[in-house]
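**Q** The following block contains the structure, expressed as structure tokens.
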Amino acid sequence: MVSSRLLLGLGIIVTIAGAGILAPLIAPHDPIRTGSVFLGLPTSENWLGTDDLGRDIFSRILYGTQTSLVIGFGAAIVATLIGVPIGLVGGYLRGKTDLVVVQMIDLFVALPGLVLALILTAMLGPSIPNLTLVLGFVMWPTMARLVRGQVLQIREAVFVEAARALGGRDSWIVYEHIWPNTIRIVSAQFAITVSFAIFTSASLSFLGLGVPPPTPDWGSMVREGFQFLALRPLMSIAPGAAVTFTILGFYLVGSSIER
Amino acid sequence: MMKQLGRIACGVLAGLALTALTLGVTQAATQPRTGGTLNVGFVEDAKTLDPTFSVQWSERQVLYLVYNTLLRMQPDFSLTPELAESWEIQEGGKRVVFKLREGVRFHDGTDFDAEAVKFNLDRRMDEAVGSPQRKQLAGVISKVEVVDSHTVAVTTEAPFAPLLSYLAERPGFMISPAAAEKHGEDFGSNPVGTGPFVFKEWTRGSRIVVEQNPDYWEEDLPYLDGVVFSDMGGSVVGMQRLMTGELDYIDSLTPQDLQLLEGADDIELAQIIVGRWYSYQWQWDKPPFDNAKLRKAIAHAIDRDRLNEVTMRGQARLSNGPTPKGLWWHADGLLGYDHDPEMARKLISEAGAEGMEIGLATPENQVLRQLNQLVQEQLNEVGLKVELEPVAQSEWYSRVVERAINFTPMRWTQRPDPDGLLSILFHSGGFANSTGYSNPEVDRLLEEARMTFDQRQRKELYDQAHRLILQDLPYVPIYFAAEFAAMRDRVMGFQWTPDQVPRFYNVWLAQ
């Protein structure tokens with residue numbers, strides 16, 4: 000049965016992704032070219048007004064969708080590629096290997112994600128590929144931990160024991176029996192990782208360590224708007240709302256898959 | 000952090016002085032009232048209140064209250080007596096004899112005398128002490144002699160024209176020798192001077208409090224009971240706190256910021272006489288900017304009028320060099336690099352730089368970020384490929400000094416003597432020369448100028464140096480910014496000094 004949460008979440012994601020993909024067609028203005036009306040109020044020409052360099056805020060938000068989704072999905076893929084194999088191996092083999100895996104996961108989970116991301120980005124230098132890698136790297140332990148927990152449970156199941164009794168090799172058992180039973184939790188965590196990565200990259204951009212200007216990026220837009228918050232609140236609120244809306248979509252999807 | 004050392008100071012004006020002064024003063028016509036506490040919002044990044052070691056920008060507004068300097072720098076950059084009542088230049092400029100004011104006491108009750116001056120200057124020059132001002136003084140001053148209890152003589156290796164102006168700045172702050180000995184390394188947290196205010200407390204990163212010195216030597220001063228400096232938490236928050244009356248004074252506001260204060264009729268503005276000099280700098284001696292054609296192309300590609308319009312609401316003054324009009328060493332008729340995209344394209348093609356990828360360091364500061372985005376657009380227009388490279392504000396300048404950054408916007412304040420900014424930036428051995436610029440002729444002119452006391456001869460030398468510098472382009476000049484202080488209308492008597500350090504020693508509060 001498909002829950003209404005899932006449908007709502009999917010609806011949001013489709014809307015956002017559509018806006019991002021179609022941005023070049025539907026955006027009324029060039030998101031990067033500076034204009035001649037600075038800090039303009041909303042008009043029929045500029046629906047959300049213009050920023051301090053005269054760029055159309057609405058168009059920048061549309062293009063910002065691309066930046067956010069690229070980073071969000073990219074980071075989730077990185078986290079999955081690192082976290083799932085580690086979780087599978089740790090949970091299935093148990094023993095010393097698992098001990099190492101658990102220690103490693105605990106080590107990373109103990110560090111606050113934003114702080115770790117901040118340090119790594121400062122070291123590597125801010126750019127979209129670096130942000131994607133860093134955020135994926137920060138999120139893999141959570142993925143690994145969930146997968147490991149699931150594997151610990153499944154490996155004791157009767158059908159796994161049966162497969163082992165039939166003389167199946169470990170790699171075959173993991174591939175045929177264990178992995179398919181973790182897909183659900185991996186998908187849920189994937190969606191949640193996307194929302195975390197979008198949120199954290201916005202935070203990093205707000206701190207000045209995110210996407211380099213002039214690329215349209217929600218976090219940077221919130222930051223630039225902050226300087227004019229009392230004068231043109233929309234400059235910050237609009238991209239902030241876009242972040243919130245997107246995160247909500249992915250979170251709804253993730254949490255309803257998990258149930 | 001030498002940046003603040005260098006970015007110290009700003010310029011003034013002969014002709015413009017009058018206009019600027021009227022702008023900079025909040026009616027001082029009425030009789031000053033005594034009493035009240037002034038709440039100043041600033042960026043609290045102070046590390047020490049011992050002027051011997053001070054480098055941070057924010058420290059100096061406090062230092063000017065707790066201490067006196069030997070000479071006082073006036074709002075027109077002229078020098079008048081402060082702790083030194085008079086001075087005489089002898090031996091063709093190689094010896095200056097200062098007659099000190101009598102009856103001045105430090106806050107700890109000890110006398111200010113010739114021994115104290117000798118102690119202060121010797122301390123700054125002592126290698127073991129490690130004062131950042133050592134570089135400014137040690138190669139210059141050969142000895143400091145106590146002639147009698149209130150006369151002191153400073154002998155220099157060679158005639159050194161900027162000496163007097165130095166003594167109106169950081170090197171001229173006089174600390175109490177007794178207190179320095181008593182507190183040792185903790186003197187920076189327990190400052191003792193002769194100034195109009197006595198240090199009371201300091202919560203690092205948050206606030207510094209000074210209160211009235213009841214025994215101050217200058218008649219009627221100070222008017223205030225005390226001054227509280229507190230971290231304003233960014234200009235946006237600072238402006239809100241000013242409007243609610245929590246703060247009386249904030250500064251470093253741009254014309255963009257001021258839009259937030261529109262309609263607040265109990266707030267007065269005081270424009271800085273000459274704002275900071277904004278420019279773009281690069282590694283002059285390294286690829287790709289060791290190519291003169293590329294440098295000139297970029298100078299012609301930048302549309303300074305547009306930068307001014309967007310970032311300063313058109314209120315900045317475009318610059319053709321580091322020295323603003325109004326300072327006596329300003330050079331007229333310098334080569335201006337007008338916005339000329341055609342010429343820029345032609346030069347780029349001659350330099351073989353079409354499509355060249357260039358990184359431009361982008362610190363977090365709002366104005367610099369805006370400038371960079373506009374410059375990126377303008378340079379890409381003429382066929383370069385500029386990428387903006389974000390860099391943390393706190394690391395930006397130190398990385399520039401380490402020469403780890405090739406291309407960056409920059410800003411400097413003026414200093415009261417031409418040697419101040421010109422030598423540190425453009426002499427091949429200047430301590431803030433982070434461009435690798437080296438022109439032996441410029442070095443020679445700057446060295447000769449600092450030994451020349453005659454202002455007309457000196458100006459002639461600086462004119463020549465300016466011309467060479469503008470040809471060589473270690474910096475692309477952009478503009479002198481429009482910057483403002485904003486204060487509650489009860490704040491009276493505030494006046495800008497062109498080095499951009501606010502001084503509150505003679506400010507008072509109306510009812």
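So the protein sequences, as listed, match chains A and B.
Take the first sequence: its position 95, counted from the start at 1, is 94 in numbering that gives the first Met the number 0, and no numbers get skipped.
Take the second sequence: its position 478, counted from the start at 1, is 477 in numbering that gives the first Met the number 0, and no numbers get skipped.
By construction, the Cβ of each residue, glycine as well, lies at the ideal position given by its N, Cα and C atoms.
Keep in mind the model is a prediction, meaning the values are calculated, not measured.
Report back the beta-carbon spacing between lysine 134/B and phenylalanine 425/B to the nearest angstrom; my notes put them in contact at under 8 Å.
**A** Looking up residue 134/B in the second sequence gives position 135. Looking up residue 425/B in the second sequence gives position 426. That pair is no contact at about 16 Å.
**Q** Per DSSP, tryptophan 86/B is paired with what?
**A** Your numbering for residue 86/B matches position 87 in the second sequence. DSSP output for tryptophan 86/B lists Phe97/B as bridge partner(s).
**Q** Alpha carbon to alpha carbon, how far is arginine 457/B from valine 146/B? Give it in angstroms, no decimals.
**A** Here residue 146/B corresponds to residue number 147 of the second sequence, with the count starting at 1. Here residue 457/B corresponds to residue number 458 of the second sequence, with the count starting at 1. Cα to Cα, the separation comes out at about 31 Å.
**Q** Does the distance from the CB of arginine 71/B to the CB of glutamine 132/B come in under 8 Å?
**A** In the second sequence, residue 71/B corresponds to position 72, counting from 1. In the second sequence, residue 132/B corresponds to position 133, counting from 1. Cβ atoms of arginine 71/B and glutamine 132/B: not closer than 8 Å.
**Q** Rounding to the nearest angstrom, what Cα-Cα distance links glycine 358/B and glutamate 388/B in this structure?
**A** Position 359 of the second sequence, counted from the start, is the residue given in the question as residue 358/B. Position 389 of the second sequence, counted from the start, is the residue given in the question as residue 388/B. So the two alpha carbons sit approximately 6 Å from each other.
**Q** Does proline 407/B come within less than 8 Å of chain A when only Cβ atoms are used?
**A** Taking the second sequence and counting its residues from 1, the one referred to as residue 407/B is at position 408. Note that residue 407/B is threonine in the sequence shown here, rather than proline. For threonine 407/B, the answer is no, since every Cβ of chain A falls outside 8 Å of its Cβ.
**Q** Count Cβ pairs between the segment 183–198 of chain B and the segment 61–76 of chain B that sit closer than 8 Å; are there 3 or more?
**A** When Cβ pairs closer than 8 Å are counted between the two stretches, the segment 183–198 of chain B is seen to touch the segment 61–76 of chain B, the count reaching three or more.
**Q** Going residue by residue through the segment 426–508 of chain B, where are the continuous beta strand (DSSP E) segments of at least 3 residues, counting only ones entirely within it?
**A** 474–479 and 483–487
**Q** Please report whether the beta-carbon of leucine 251/A lies at a distance below 8 Å from any beta-carbon of chain B.
**A** Looking up residue 251/A in the first sequence gives position 252. By this cut-off, leucine 251/A is not an interface position.
**Q** Between alanine 157/B and the rest of its own chain, which residues show a CB-CB distance below 6 Å, the 5 nearest in sequence each way excluded?
**A** The sequence position of residue 157/B within the second sequence is 158, counting from 1. Contacts found: Met450.
**Q** Taking buried to mean at least 16 other C-beta atoms within 10 Å of its own C-beta, is tryptophan 276/B buried or exposed?
**A** As a working note, residue 276/B is residue 277 in the second sequence. Classification of tryptophan 276/B: buried, given that the 10 Å Cβ count is 16 or more.
**Q** Of all the beta strand (DSSP E) runs that stay within the bounds of the segment 138–221 of chain B, which reach a length of 3 or more residues?
**A** 140–147, 150–155, 196–202 and 206–211
**Q** Give me the Cα-Cα distance between leucine 115/A and glutamate 353/B, rounded to the nearest whole angstrom.
**A** Mapped onto the first sequence, residue 115/A falls at position 116. Mapped onto the second sequence, residue 353/B falls at position 354. For leucine 115/A and glutamate 353/B, the distance between alpha carbons rounds to 40 Å.
**Q** Can you give the beta carbon distance from glutamate 43/B to glycine 204/B, rounded, assuming they're within the 8 Å contact cut?
**A** Locating residue 43/B in the second sequence gives position 44, where the first residue counts as 1. Locating residue 204/B in the second sequence gives position 205, where the first residue counts as 1. Contact holds; Cβ gap of about 6 Å.
**Q** Please list, in chain order, the chain A residues whose beta carbon lies closer than 8 Å to that of arginine 123/B.
**A** Residue numbering aside, residue 123/B sits at position 124 when the second sequence is read from its first letter. In chain order: nothing, as chain A lies at least about 36 Å away.
**Q** Applying a beta-carbon distance threshold of less than 8 Å, which residues of chain B neighbour phenylalanine 225/A?
**A** Position 226 of the first sequence, counted from the start, is the residue given in the question as residue 225/A. The answer, in chain order, is Val235.
**Q** What residues from chain B crowd round leucine 52/A, counting only those whose CB sits closer than 8 Å?
**A** Taking the first residue of the first sequence as 1, we reach residue 52/A at position 53. Among the residues of chain B, those whose CB is under 8 Å from the CB of leucine 52/A are Val309, Gln369, Gln372 and Leu373, following chain order.
**Q** Is the CB-CB distance between alanine 350/B and leucine 293/B below 8 Å?
**A** For this step, residue 350/B is matched to residue 351 along the second sequence. For this step, residue 293/B is matched to residue 294 along the second sequence. Yes, these two residues count as a Cβ contact at 8 Å.
**Q** Just the chain A side, please: which residues come within less than 7 Å of proline 389/B by C-beta, in chain order?
**A** Along the second sequence, read from residue 1 onward, the residue named residue 389/B stands at position 390. Residues of chain A passing the Cβ test: Pro125, Gly207, Leu208 and Pro211.
**Q** Quick one, which of Gln89/B, Asn38/B, Ala485/B and Glu482/B has its alpha-carbon nearest glutamate 210/B's?
**A** Looking up residue 210/B in the second sequence gives position 211. For glutamate 210/B, the nearest C-alpha among the options comes from Asn38/B.
**Q** Quick check for students: name the residue ranges of the alpha helix (DSSP H) that lie wholly in the segment 30–71 of chain B, counting only runs of 4 or more.
**A** 58–65
**Q** Would you kindly check if the distance between the Cβ of glycine 53/A and the Cβ of phenylalanine 37/A is under 8 Å?
**A** For the purposes of this step, residue 37/A is identified with residue 38 of the first sequence, where counting begins at 1. For the purposes of this step, residue 53/A is identified with residue 54 of the first sequence, where counting begins at 1. Going by C-beta atoms, phenylalanine 37/A is nearer than 8 Å to glycine 53/A.
**Q** Does the distance from the CB of isoleucine 477/B to the CB of arginine 303/B come in under 8 Å?
**A** The residue labelled residue 477/B in the question sits at position 478 within the second sequence. The residue labelled residue 303/B in the question sits at position 304 within the second sequence. It is a contact, given that the beta carbons lie within the stated cut-off.
**Q** Does the distance from the CB of glycine 224/A to the CB of leucine 203/A come in under 8 Å?
**A** Residue 224/A sits at position 225 when you count from the first residue of the first sequence. Residue 203/A sits at position 204 when you count from the first residue of the first sequence. It is not a contact, given that the beta carbons lie outside the stated cut-off.
**Q** Count the other CB atoms within 10 Å of the CB of isoleucine 249/B; is the residue buried (16 or more) or exposed (fewer)?
**A** Walking along the second sequence from the start, residue 249/B turns up at place 250. A buried status is given to isoleucine 249/B, since no fewer than 16 other beta-carbon atoms sit within 10 Å of its beta-carbon.
**Q** Look at the alpha carbon of glycine 124/A and the alpha carbon of glutamine 494/B, and state the distance between them as a whole number of angstroms.
**A** The sequence position of residue 124/A within the first sequence is 125, counting from 1. The sequence position of residue 494/B within the second sequence is 495, counting from 1. Distance between the alpha carbons of glycine 124/A and glutamine 494/B: 43 Å.
**Q** Select from Lys46/B, Val399/B, Leu334/B and Leu472/B the residue whose C-alpha is nearest the C-alpha of glutamate 184/B.
**A** In the second sequence, residue 184/B corresponds to position 185, counting from 1. Minimum Cα distance to glutamate 184/B is reached at Lys46/B.
**Q** Apply the 10 Å Cβ neighbour rule to tryptophan 171/A and answer buried if 16 or more other Cβ atoms are within range, or exposed otherwise.
**A** Your numbering for residue 171/A matches position 172 in the first sequence. The residue is exposed, with fewer than 16 neighbouring Cβ atoms inside 10 Å.
**Q** So if DSSP puts alanine 269/B in a beta bridge, which residue, or which two residues, is it bridged to?
**A** In the second sequence, residue 269/B corresponds to position 270, counting from 1. Alanine 269/B pairs with Ala484/B.
**Q** Measure the C-alpha to C-alpha separation of phenylalanine 503/B and threonine 322/B and round it to an integer number of angstroms.
**A** Indexing the second sequence from 1 puts residue 503/B at position 504. Indexing the second sequence from 1 puts residue 322/B at position 323. The straight-line gap from Cα to Cα measures roughly 26 Å.
**Q** Quick one: does threonine 33/A have its CB under 8 Å from some CB of chain B?
**A** Counting from 1 along the first sequence, the entry for residue 33/A is found at position 34. Yes - at least one Cβ of chain B is within 8 Å of the one on threonine 33/A.
**Q** Output the distance between the C-alpha atoms of asparagine 379/B and tryptophan 86/B, rounded to the nearest integer angstrom.
**A** Reading the second sequence from its first residue, position 380 is the one you call residue 379/B. Reading the second sequence from its first residue, position 87 is the one you call residue 86/B. Straight-line Cα distance between these residues: approximately 56 Å.
**Q** For phenylalanine 37/A, go through chain B and note every residue whose CB falls closer than 7 Å to its CB, in chain order.
**A** Taking the first residue of the first sequence as position 1, residue 37/A is located at position 38. The answer, in chain order, is Val309.
**Q** By how many angstroms is the C-alpha of serine 188/B removed from the C-alpha of proline 50/B?
**A** Within the second sequence, the letter at position 51 stands for residue 50/B. Within the second sequence, the letter at position 189 stands for residue 188/B. Looking at the two C-alpha atoms, the distance is approximately 11 Å.
**Q** Any C-beta of chain B within less than 7 Å: which residues of the segment 227–251 of chain A qualify?
**A** Under the 7 Å Cβ criterion, the segment 227–251 of chain A contributes Leu228, Ala229 and Leu230.
**Q** Compile a chain-ordered list of the residues in the segment 186–216 of chain B whose CB is closer than 7 Å to at least one CB of chain A.
**A** none
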